[in-house]
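Asks: Add 606 to the 1-based position in the sequence shown for the numbering used here, that's all there is to it. The beta-carbon is built from N, C-alpha and C at its ideal position, and this holds for glycine as well. Keep in mind it's a predicted model, so treat the numbers as computed, not measured.
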Amino acid sequence: MKLKFREPSAETRRAVCRAALYGEVHDPEARIREVTGHRYARLLNSGNAAILLLSHRLEGPFLVPDQGGWRGFRRIPEITGREVLSVETDRGLLDPDVLDARLDETGARALLVTSFAGYTAEQPIRELSDVCRSHGALLVEDASGSVSDPLGRLCNGKISDIIIASTGAPKTVNAGGGGFISTSIPEIVQQDMLLSALKADPYVRAAVALEMEAAERNLTETLRACSYLKENLEGALHPERRGINVIIPSGDPQGDVSRLRRVIDAGGRSIFTRCPSYDRVLESAVAVEVKNLDVDCLTYENLEEMAELISSTMGATRPR
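1) Quick one: is residue 905 buried, meaning 16 or more other Cβ sit within 10 Å of its Cβ, or exposed?
2) Do the CB positions of residue 708 and residue 719 come within less than 8 Å of each other?
3) Entirely within the stretch 684-747 and at least 4 residues each: give me those alpha helix (DSSP H) ranges in chain order.
4) With distance defined between alpha-carbon atoms, name the residue in 888, 897 and 907 nearest to residue 695.
5) Under 8 Å Cβ to Cβ from residue 607, same chain only, skipping five residues before and after it: list those, please.
6) At what residue ranges does the stretch 779-822 contain a whole run of the beta strand (DSSP E), taking only runs of 3 or more?
7) With DSSP as the reference, label residue 661 as helix, strand or coil.
8) Note the first and the last residue of the continuous beta strand (DSSP E) segment covering residue 648.
9) Should residue 633 be labelled buried (16 or more other beta-carbon atoms within 10 Å of its own) or exposed?
10) Could you tell me which residues DSSP pairs with residue 879 in its beta bridges?
11) Find out if the Cβ-Cβ distance for the pair residue 641, residue 753 is shorter than 8 Å.
12) Return yes when the Cβ of residue 867 is within less than 8 Å of the Cβ of residue 856, no when it is not.
13) Do the CB positions of residue 760 and residue 728 come within less than 8 Å of each other?
14) How big is the Cα-Cα spacing for residue 663 and residue 712?
15) In terms of residue numbering, what span does the beta strand (DSSP E) encompassing residue 669 cover?
16) Span of the alpha helix (DSSP H) holding residue 622?
17) For the pair the stretch 735-746 and the stretch 756-775, tell me if three or more CB-CB distances fall below 8 Å.
18) Got a sec, what are the start and stop residues for the beta strand (DSSP E) residue 863 sits in?
19) Pick helix, strand or coil for residue 608, following the three-state DSSP scheme.
20) Keeping to the same chain, check which residues put their C-beta closer than 6 Å to that of residue 774; ignore five residues upstream and five downstream.
21) In chain order, what residues of the same chain have a beta carbon less than 7 Å from the beta carbon of residue 890, not counting five sequence neighbours either side?
22) From residue 781 to residue 897, what distance separates their C-alpha atoms?
23) Return yes when the Cβ of residue 681 is within less than 8 Å of the Cβ of residue 668, no when it is not.
24) On a CA-only basis, which of 777, 830, 824 and 820 is nearest residue 617? Give me that one, please.
25) Could you check the C-alpha separation between residue 842 and residue 665 for me, to the nearest Å?
26) Does residue 675 pass the burial test, meaning 16 or more other C-beta atoms within 10 Å, or should it be called exposed?
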């Protein structure tokens with residue numbers, strides 16, 4: 607089976623060329639503010655740059671999920687001497703009551719969490735935000751996978767104090783590079799040498815400006831595809847929650863990934879992740895990275911064939 611890996615659009619590539627050749631100027635921050643509802647937005651050179659900026663701006667300690675987050679949550683704040691502590695989850699999914707107790711115990715000043723646990727399960731962001739605010743802690747949402755959420759539950763500045771995102775490929779804002787930070791707290795984005803060092807170049811600005819317009823369709827179609835696959839793949843984790851990938855327990859994740867790559871091809875690039883992995887789940891499983899696929903290939907016929915191939919390929923190794 608042949609599928610298409612998600613790439614920046616031809617229109618985006620042309621915009622990058624015009625920015626390089628003719629100095630065209632783009633203002634993606636205006637669109638970012640419109641989407642998030644925050645007062646301020648800054649385009650940076652990566653999503654990790656946004657975490658680094660926060661690590662300088664905020665006092666610690668920081669809380670992060672014990673799995674299903676982004677590895678940079680744990681590694682980058684330590685560069686600046688910030689303490690990073692974990693909070694227990696259900697396969698990446700946070701329980702507001704558990705968070706409440708952990709904030710009481712640690713006195714953490716911020717929670718860093720991705721919109722989707724392991725990309726597969728929508729976090730209860732509003733409930734987590736309420737808990738954080740009751741403790742005077744900030745909720746930092748990594749919305750790399752959820753920009754332009756059609757339901758408005760994710761990447762929403764009325765709920766999350768700070769929103770960060772990667773806009774590299776393959777992401778919901780699929781610009782091939784860059785990232786952003788959005789907030790209504792002016793001190794977070796005050797102009798200084800650090801912010802200047804982390805800013806994105808003009809070519810990334812052009813790409814992000816164009817790809818922001820495609821984000822809602824990318825997300826909506828990916829959510830639809832994952833919902834279908836969860837319904838049709840036995841044992842998929844968090845089947846009742848929205849997500850942009852599908853994680854399936856496996857008794858032989860390395861072998862399953864190898865076999866799946868032979869029967870489902872995305873232009874020579876992989877759409878399968880072997881677990882255990884902090885970024886997904888800390889157990890033996892295979893993540894089907896639907897978020898990596900061009901949404902034009904997420905047709906019903908292709909999804910049906912994918913479900914059949916994944917089921918037949920993993921059938922012998924799926925835990926009972």
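Replies: This is what the structure holds:
1) As a first step, residue 905 is located in the sequence shown; it is residue number 299 there, counting from the start. Exposed, because fewer than 16 other Cβ atoms sit within 10 Å of the Cβ of residue 905.
2) Residue 708 sits at position 102 when you count from the first residue of the sequence shown. Residue 719 sits at position 113 when you count from the first residue of the sequence shown. No Cβ-Cβ contact shorter than 8 Å links residue 708 with residue 719.
3) Runs of the alpha helix (DSSP H) inside the stretch 684-747: 702-712 and 731-740.
4) By one-based count along the sequence shown, residue 695 stands at place 89. For residue 695, the closest C-alpha among the options 888, 897 and 907 is that of 888.
5) Here residue 607 refers to the residue found at position 1 when the sequence shown is read from its first residue. 869, 870, 871, 908, 911, 912 and 915.
6) The qualifying runs are 785-789.
7) In the sequence shown, counting from the first residue as 1, residue 661 sits at position 55. Helix.
8) Within the sequence shown, residue 648 is the residue found at index 42, counting from 1. Boundaries of the beta strand (DSSP E) harbouring residue 648: 646-650, taken from the DSSP string.
9) On the sequence shown, position 27 is the one that residue 633 refers to. Residue burial annotation: residue 633 is exposed, with fewer than 16 other C-beta atoms found within 10 angstroms of its C-beta.
10) The count along the sequence shown starts at 1 and reaches residue 879 at position 273. Paired residues: 893.
11) Translated into positions along the sequence shown, residue 641 becomes position 35. Translated into positions along the sequence shown, residue 753 becomes position 147. In contact: residue 641 and residue 753 (Cβ atoms closer than 8 Å).
12) Within the sequence shown, the letter at position 250 stands for residue 856. Within the sequence shown, the letter at position 261 stands for residue 867. Not a contact, by the Cβ cut-off of 8 Å.
13) Mapped onto the sequence shown, residue 760 falls at position 154. Mapped onto the sequence shown, residue 728 falls at position 122. Yes, the Cβ-Cβ distance between residue 760 and residue 728 is below 8 Å.
14) Residue mapping note: residue 663 aligns to position 57 of the sequence shown, counting from 1. Residue mapping note: residue 712 aligns to position 106 of the sequence shown, counting from 1. A straight-line Cα-Cα distance of about 20 Å links residue 663 and residue 712.
15) Counting from 1 along the sequence shown, the entry for residue 669 is found at position 63. Run containing residue 669: 668-671, per the beta strand (DSSP E) assignment.
16) The residue you call residue 622 lines up with position 16 of the sequence shown. Where residue 622 is concerned, the enclosing alpha helix (DSSP H) stretches over 616-628.
17) With a cut-off of 8 Å, the stretch 756-775 and the stretch 735-746 count as touching, because enough Cβ pairs lie within range.
18) The residue labelled residue 863 in the question sits at position 257 within the sequence shown. Under the DSSP assignment, residue 863 falls outside any beta strand (DSSP E), being part of the alpha helix (DSSP H) whose first and last residues are 859-869.
19) By 1-based counting over the sequence shown, the position of residue 608 is 2. Residue 608 falls in the strand class under three-state DSSP.
20) Locating residue 774 in the sequence shown gives position 168, counting from the first residue. Cβ neighbours of residue 774 beyond the five flanking positions: 783.
21) Within the sequence shown, numbered from 1, the residue matching residue 890 stands at position 284. Cβ within range, chain order: 855, 856, 857, 859, 881 and 882.
22) Translated into positions along the sequence shown, residue 781 becomes position 175. Translated into positions along the sequence shown, residue 897 becomes position 291. A straight-line Cα-Cα distance of about 14 Å links residue 781 and residue 897.
23) By one-based count along the sequence shown, residue 668 stands at place 62. By one-based count along the sequence shown, residue 681 stands at place 75. Here residue 668 is not near residue 681, since their CB atoms are 8 Å or more apart.
24) As a first step, residue 617 is located in the sequence shown; it is residue number 11 there, counting from the start. Per the Cα distances, 820.
25) Here residue 842 is taken as the residue at index 236 of the sequence shown, counted from 1. Here residue 665 is taken as the residue at index 59 of the sequence shown, counted from 1. Rounded to whole angstroms, residue 842 and residue 665 show a C-alpha spacing of 38 Å.
26) For this step, residue 675 is matched to residue 69 along the sequence shown. If you draw a 10 Å sphere on the C-beta of residue 675, you find 16 or more other C-beta atoms in it, and that means buried.
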